[in-house]
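K.L.:
Residue numbers (our numbering), protein chains in the order written: chain A, 14 to 277; chain B, 14 to 277. In this text, a Cβ means the ideal position worked out from N, Cα and C, and glycines have one as well.
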């Protein structure tokens, strides 16, 4: 389950690495059922598409649901993330981007770290993103597209954006790369959209330029993203911190839970 | 250059067949230059995206520009189309769908024939669509997606739509399959998006269910589509016919032009 040296080298070079079939079909079913349960909890952590009805994302399920609490501590995710970070970790943010069939809208081309830096006072791009596929990922249901190696460009600066709608959410469109910037980056960093089966996991850098297209297929593309942050690198916000479902406040080092996701 | 029996069998079975590299890079450059010239002719045959500025499509360039006039008669396109149709042909419609980088919007899932039947009195689905790639087609720049073999389903009936905006254009969204219909069709007819280099050609049935996603790449996806119709199957509109740039009126059998696209 641990990443090999080759995996780690690939992560450093490309900014991401894929681990196929880390979770069984039964485990993914369990996670999907837990998501359905947790999405019923009303609150600003549940985000809809622009139609105001279709579920787009659910945040911080690990703070409410025992299955996701355990998932965040499973060796299969926390182990490799620790190898990459070289440090003890806590959960900075957890979300599921649902991208429903025929309805899930695209995500603009962006980097993650700059948002957390500006909005939350995150001191360094030391996070590890862990994306667990809850559905088979094809070229038709809006896979995440990486610009391979773009994490080596560092932070691509832009006008500072602050959250102004009261929920703390920041629309990635507001941090989107311009067409000209993206054209330049793509000249040197090719687009690549890893396809893999449900239960597979992508580990990727918070400096990676990434985006995704609309889901034009009849199949949903639910993607669970856990962002771990090193314990010594906790954010130091200039003012009031954003809500806990966006910026984790439990910053003690996570211990690996060797139990099953589903407790007896 | 002629289709083989295997190609013809594939067209009957799948509803499409791909012929790679039918045109040279120089010829595609010539076509792109001619398109740029022709797109400057103002009129309703030039269609913009919903932003009102970005070029989305240009119709009937073969009626205005000598390069496209010759293209419609080149053996490489007209020859295979005649093999498929088994009849003499004329141009029912010609368009270039531009799908600009970062801007080209998706096309809803639809069939072509039903639109021509309802709007133009087209008597039978005997057309042959010929799509010439003016740009390399990748998974990122909004390739045409076919539902393989869906042409065998015949016409999927829906509420009749008439053009009401004065230009004669009909938004394919108004003929789009519902999510439920599409889910059913995809169960039996897989999505497939042929990737090929510029200068390649897709021949496809007017009964094929097809669509495409947004272009999220920095590369345009210009697609030239010639629709040939058998001479004996000319439309018989109930009322006033739509404008000539949408419904060809020169219905004599095309003769093959064996000259170069670019005359000396």
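#1: Between 73(A), 241(A) and 125(A), which has its C-alpha nearest residue 109(A)'s C-alpha?
#2: Less than 6 Å between C-beta atoms, sequence neighbours within five positions excluded: which residues of the same chain meet that for residue 145(A)?
#3: When the Cα atoms are used, what is the spatial distance from residue 67(A) to residue 112(A)?
#4: When DSSP labels each residue in this structure, what does residue 217(B) get in the three-state scheme?
#5: Once DSSP output is grouped into helix, strand and coil, what is the label at residue 48(A)?
#6: Cα separation between residue 123(B) and residue 190(B)?
#7: Under 8 Å Cβ to Cβ from residue 78(A), same chain only, skipping five residues before and after it: list those, please.
#8: Checking contacts by CB at 8 Å: is residue 119(A) closer than that to chain B?
#9: Just tell me which of 102(A), 220(A), 94(A) and 41(A) has its CA closest to the CA of residue 81(A).
#10: Extract the residue ranges of the beta strand (DSSP E) inside the stretch 59 to 99 of chain B, only unbroken runs of 3 or more that lie entirely within it.
#11: Run through chain B and tell me which residues come within less than 8 Å of residue 11(A), C-beta to C-beta.
#12: Ignore the nearest five residues each way along the sequence and tell me which others in residue 58(A)'s own chain have a CB closer than 6 Å to its CB.
#13: What would DSSP say about residue 164(B), mapped onto helix, strand or coil?
#14: Helix, strand or coil for residue 205(B), going by three-state DSSP, please let me know.
#15: Could you tell me which chain A residues have their CB closer than 8 Å to the CB of residue 206(B), listed as they occur along the chain?
#16: With a Cβ-Cβ cutoff of 8 Å, do residue 2(B) and residue 160(B) count as a contact?
#17: Would you say residue 49(A) lies against chain B (beta-carbon separation less than 8 Å)?
#18: Closer than 7 Å between beta carbons: that is the criterion. Which residues of the stretch 218 to 229 of chain B meet it against chain D?
#19: Under the rule that 16 or more other beta-carbon atoms within 10 Å means buried, what is residue 228(A), buried or exposed?
#20: Count the other CB atoms within 10 Å of the CB of residue 255(B); is the residue buried (16 or more) or exposed (fewer)?
#21: Taking a cut of 8 Å between CB atoms, which residues from the stretch 162 to 196 of chain B lie near chain A?
#22: So does the stretch 231 to 250 of chain A actually touch the stretch 139 to 156 of chain A, counting three or more Cβ pairs closer than 8 Å?
#23: Which residues does DSSP pair with residue 108(A) in a beta bridge?
#24: Under a Cβ-count criterion, where at least 16 other Cβ atoms within 10 Å of its own Cβ denotes burial, should residue 93(B) be classed as buried or exposed?
P.N.:
Quick answer:
#1: 73(A)
#2: 214 and 237
#3: Cα to Cα, residue 67(A) sits roughly 9 Å from residue 112(A).
#4: strand
#5: helix
#6: 6 Å
#7: 47, 50 and 51
#8: yes
#9: 41(A)
#10: 59 to 61 and 68 to 72
#11: Beyond the ends of chain A as shown, which are 14 and 277, falls residue 11(A); an answer cannot be given.
#12: 72, 73 and 258
#13: helix
#14: strand
#15: 152 and 153
#16: No answer is possible for residue 2(B): the residues shown for chain B start at 14 and end at 277.
#17: no
#18: No chain D is part of this structure, whose protein chains are labelled A and B.
#19: buried
#20: buried
#21: 192, 195 and 196
#22: yes
#23: 72(A) and 238(A)
#24: Residue burial annotation: residue 93(B) is buried, with at least 16 other C-beta atoms found within 10 angstroms of its C-beta.
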